[in-house]
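**Student:** Using this note's numbering, count along the sequence shown one by one with no gaps and you end on 1381.
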Amino acid sequence: MKVTILVDNYILGHKGMVAEHGFSALVEIPENELTLLFDTGTTGSVLMNNIRLAGVNPANIDAVVISHRHYDHTGGLRAFLEARKGRDTIIISHPDLFEPAYAKSRKDGIRYIGNPFRREELESLGARFIYTRRPMKIADGVIVTGEIPREWGPSHTGHMLRQGDEGLIEDTLPDDSALILEATEGLVIITGCGHAGIENIIEYAINITGERRIAGVIGGLHLMGAEDSRIEEVVRYLSSKELTTLAPTHCTGLRAQAALATAFGKKYAVAGVGTVFTFE
Ligand SMILES: [Fe+2]
Ligand SMILES: [Fe+2]
1102 MKVTILVDNY ILGHKGMVAE HGFSALVEIP ENELTLLFDT GTTGSVLMNN IRLAGVNPAN
1162 IDAVVISHRH YDHTGGLRAF LEARKGRDTI IISHPDLFEP AYAKSRKDGI RYIGNPFRRE
1222 ELESLGARFI YTRRPMKIAD GVIVTGEIPR EWGPSHTGHM LRQGDEGLIE DTLPDDSALI
1282 LEATEGLVII TGCGHAGIEN IIEYAINITG ERRIAGVIGG LHLMGAEDSR IEEVVRYLSS
1342 KELTTLAPTH CTGLRAQAAL ATAFGKKYAV AGVGTVFTFE
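#1: At what residue ranges does the stretch 1219 to 1252 contain a whole run of the beta strand (DSSP E), taking only runs of 3 or more?
#2: Could you say if the stretch 1259 to 1267 and the stretch 1237 to 1249 meet the contact criterion of at least three C-beta pairs nearer than 8 Å?
#3: Would you mind reading off the limits of the beta strand (DSSP E) that contains Ala1297?
#4: Exposed or buried, which one is Asp1277 when buried takes at least 16 other CB atoms within 10 Å?
#5: Using C-beta distances below 7 Å, list every residue in its chain close to Ser1206, excluding the 5 sequence neighbours before and after it, in chain order.
#6: Curious, which full-length beta strand (DSSP E) runs of at least 3 residues does the stretch 1253 to 1292 contain?
#7: Between Leu1223 and Ile1249, what straight-line distance do the alpha-carbon atoms span, to the nearest angstrom?
#8: Are Val1166 and Ile1193 touching if we call contact CB-CB under 9 Å?
#9: Ends of the alpha helix (DSSP H) at Tyr1338?
#10: On the CB-based measure, 16 or more other CB atoms within 10 Å of its CB, does Asn1151 come out buried or exposed?
#11: Using DSSP's beta-bridge definition, name the partner residues of Lys1103.
#12: In the structure shown, what three-state DSSP assignment does Tyr1369 receive?
#13: Can Ala1279 and Ser1146 be called in contact, C-beta distance under 9 Å?
#14: Below 7 Å CB to CB, which residues in the same chain sit around Ile1332 once its five sequence neighbours on both sides are set aside?
#15: Output needed for Glu1121: all residues of its chain with C-beta closer than 7 Å, excluding positions within five of it in sequence on either side, in chain order.
#16: Got a sec? Which residues, its chain only, sit under 7 Å from Arg1313 by beta carbon, not counting five neighbours each side?
#17: For Trp1253, which residues from the same chain have a beta carbon less than 6 Å from its beta carbon, with the 5 sequence-adjacent residues on both sides left out?
#18: Spatial neighbours of Glu1286 within its chain, please: C-beta separation below 8 Å, excluding the five flanking residues on both sides.
Okay, here's the thing in structure tokens:
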């Protein structure tokens, strides 16, 4: 199986490809004749540009999996559907996909950070939504986690808000889901922002599959601005796992990336737009 990063905050010098704040990865599993798009980045133009340069025809993608409803993961949906020219497109996500989402910061006040589209708009372009809160097997060895229990460690949802009955309330991002691929070397876990917390994501993946070996962790760990003590905790936790390839990118944050790169040495993969991972 092959995982190609199509949208990311970082880029590793692939001619003509571009980066933006956001994440998207292409997952190709030839044994299952399955090609999935995981998340879609922010603008759509970046996803479409990079998809074209990766030599992928959007019409050949079987389904889209969305990690959570934030704009930097859902923003490319319309452009992607338009490129499929009216073909039906299966989109698998948590049912909160169109719930408004906000962030509060001292600098910008409250701003909208949710899905920029309405469900009807995307359906008119061919989107067919499948919602799941529970783990959902898409094909042999391909599982969308659905809601991730927060039993094993902290989550990263500070300053996030959602609409309550009487105004904005804390958003714990229950929609934050991950994609699990069962490779012969162990699990490959692809995260969006990792809001659920990497301990919870990995332990839930182990729980669902019964597999303890982790062949790869790819995606955002949401440690931008995290306390040093939290970064150290994540380094300790990940070091305790049987982990072969660690590729934390997108919203992981440079300080956490540096700490993890130091701890993991050659197992740490510097990743960005255009990076390709292959697993048996
Ligand atoms: Fe994100
Ligand atoms: Fe997010």
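Built from N, CA and C at the ideal position, the CB exists for glycine as well.
**Tutor:** Short version:
#1: 1228 to 1232, 1237 to 1240, 1243 to 1245
#2: no
#3: It is not in any beta strand (DSSP E) - Ala1297 carries neither H nor E in the DSSP assignment.
#4: buried
#5: His1260
#6: 1261 to 1265, 1268 to 1271, 1279 to 1284, 1287 to 1292
#7: Rounded to whole angstroms, the gap between the alpha carbons of Leu1223 and Ile1249 is 26 Å.
#8: yes
#9: 1329 to 1340
#10: Buried.
#11: Glu1129, Thr1379
#12: strand
#13: no
#14: For Ile1332, the CB contacts under 7 Å within the same chain, skipping 5 residues up- and downstream, are Leu1324, Arg1356, Ala1357, Ala1360 in chain order.
#15: Taking Glu1121 as the centre and dropping the five residues before and after it, the same chain places the C-beta of Val1108, Gly1142, Thr1143, Thr1144, Val1147 closer than 7 Å to its C-beta, in chain order.
#16: If we look at Arg1313 and ignore the five residues flanking it on each side, its Cβ neighbours are Ile1307, Glu1343.
#17: Glu1300, Asn1301, Glu1304
#18: The beta carbon of Glu1286 lies closer than 8 Å to those of Arg1314, Ala1316, Thr1345, Phe1380, Glu1381 in the same chain, with the five residues before and after it left out.
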